[in-house]
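Okay, so here's the structure we're looking at.
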Amino acid sequence: MINPTNRELYVTIERDEDGYYVREVPQLKACYSQGETIDELMANIKQVIELCLEDA
Numbered sequence: 001m002i003n004p005t006n007r008e009l010y011v012t013i014e015r016d017e018d019g020y021y022v023r024e025v026p027q028l029k030a031c032y033s034q035g036e037t038i039d040e041l042m043a044n045i046k047q048v049i050e051l052c053l054e055d056a
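First residue of the sequence shown? That's 1 in my numbering, and the numbers climb one at a time after it.
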């Protein structure tokens, strides 16, 4: 769960066949990201969530 701007958002994390971590926010349309590490994935998804919330 990530809480940007005091909003609770649930995310899913999976690992793809190439070893990348993939994360999706089901509550936000087309809001997903990937990273080679969990730390990289967390940084990426936070940026994507901010962009998705701006467009909403």
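Think of the CB as a built atom: it goes at the ideal place given N, C-alpha and C, for glycine as much as any other residue.
Taken through DSSP and simplified to helix, strand or coil, Leu28 comes out as coil. Annotation: the continuous beta strand (DSSP E) that includes Glu14 extends over 12-15.
If you look at Asn44, you'll find it in the alpha helix (DSSP H) that goes 38-55.
Under the criterion of beta carbons closer than 8 Å, Leu41 and Gln34 qualify as touching, at roughly 7 Å.
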